[in-house]
Amino acid sequence: MTYPSVKLNDGRAIPQLGFGVWQVENDIAEKVVGIALDDGYRHIDTAKIYGNEEGVGKAIAASSVDRDEIWLTTKVWNDDQGYDRAIEAFNESLARLGVESVDLLLIHWVSAHRGLYLETWKALIELQKQGKAKSIGVSNFPEEHLREIIDATGVTPAVNQIELHPYFNQAELRKVNDELGIKTEAWSPLGQGGEVLKDPVITEIAETHSATSAQVIIAWHLANGIIVFPKSVTEERIASNFKALELKLSPEEIEKINGLTREDGRIGADPATAD
Ligand code: NAD
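If you're matching positions, the sequence shown starts at 1 in the UniProt record's numbering and goes up one per residue.
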């Protein structure tokens with residue numbers, strides 16, 4: 001089994017399959033991140049707003065896996081946007097995580113109505129210069145705002161982390177990301193464990209491969225070049241989701257799953273209007 005990585009525009013390589021911890025309490029996060037690292041995951045996606053940076057940091061500190069083998073991502077929350085505030089908030093994140101630097105720091109949402117995303121992006125550029133955030137990127141940024149921060153600073157985000165699953169495959173924004181040299185990360189890659197896991201197209205493909213629906217969807221993301229970090233707090237699912245790395249879908253199967261996308265497939269907030 002190979003563990004694929006994706007080359008970012010700053011030259012660094014991010015492990016393509018990670019582990020997400022949204023809606024996981026601190027003590028549970030400590031436990032499940034430990035399990036994920038034991039299973040072989042080398043990429044953890046957290047955020048200040050998840051309230052579990054301490055738990056994630058404790059699991060990393062306690063793990064037999066070296067810190068420099070683990071890709072750690074966190075995010076600047078909307079309330080912390082602005083140049084000084086973002087720097088201060090990120091230093092607090094580092095303290096909670098108990099690390100000297102993170103591998104990737106993202107602006108969590110564009111939150112355009114605040115008018116602070118450009119200043120916040122400048123803060124991330126400074127934090128990268130200081131070596132505290134080795135790579136920097138954004139999350140929930142529409143095309144217009146991507147172009148604006150790139151034009152204003154000359155620095156292109158390494159990634160744009162967006163809602164992406166078979167019912168909302170974001171073909172257009174992915175194309176924009178590609179054109180700009182930004183890698184796409186998928187949030188809620190399993191559609192938050194909802195009906196997509198029971199879709200007949202998915203379950204049929206799963207049956208053909210003696211795989212789970214979750215493995216099929218994760219394998220689809222990987223085949224499309226997307227960076228993906230499914231979440232689970234169930235030991236068996238954490239392990240089986242990682243084994244999606246062993247599953248290779250045929251071009252026909254990938255096309256069938258590409259065809260499941262829906263106009264109204266979005267589960268979360270629309271970044272164009274979200275807070
Ligand atoms: P997800 O799509 O990863 O789904 C997780 C849910 O799917 C689980 O709670 C469980 O109910 C189910 N599940 C997981 N494995 C399964 C399996 N093998 N079989 C059956 N059901 C299974 O949802 P998510 O947590 O929203 O997204 C993943 C990560 O993306 C988050 O943890 C977080 O790190 C990130 N995220 C980022 C943003 C953002 O705004 N940037 C928003 C949401 C999530």
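Glycine included, C-beta positions come from ideal geometry on N, C-alpha and C.
Here the structure is a predicted model, which means the values were calculated and not measured.
Q: Let me know if residue 199 comes out buried or exposed under the rule of 16 or more other beta-carbons within 10 Å of its beta-carbon.
A: buried
- prompt: Can the beta-carbon of residue 238 be found less than 9 Å from the beta-carbon of residue 84?
  reply: no
Next on the checklist: Quick check on residue 48: does DSSP put it in helix, strand or coil?
Outcome noted: helix
TODO: Report yes if the C-beta of residue 116 is less than 8 Å from at least one heavy atom of the ligand NAD; otherwise report no.
DONE: no
Beta-bridge pairing of residue 133 - partner residues as DSSP gives them: 102
Taking 8 Å as the line, does the beta carbon of residue 133 fall inside it for any heavy atom of the ligand NAD? No, since every heavy atom of the ligand NAD falls outside the 8 Å radius drawn around the Cβ of residue 133.
Judging by CA-CA distance, which residue of 46, 207, 213 and 269 is the nearest neighbour of residue 106? Looking at the Cα atoms, 46 is the closest of the given residues.
How is residue 122 classed by DSSP in three states: helix, strand or coil? helix
Open item on the list: Tell me which residues share the same chain as residue 20 and place their Cβ nearer than 7 Å to its Cβ, disregarding the 5 neighbours each side in the sequence.
Closed with: 45, 229, 230 and 231
TODO: Using 8 Å as the cut-off, classify the Cβ of residue 8 as near or not near the heavy atoms of the ligand NAD, replying yes or no.
DONE: no
Exercise. Report the residue from 217, 56 and 61 whose alpha carbon sits nearest the alpha carbon of residue 32.
Key: 56
field: Spatial distance of residue 25 from residue 90 (CA atoms)
entry: 20 Å
*Member of 62, 161, 262 and 134 whose CA lies at the smallest distance from the CA of residue 271*: Minimum Cα distance to residue 271 is reached at 161.
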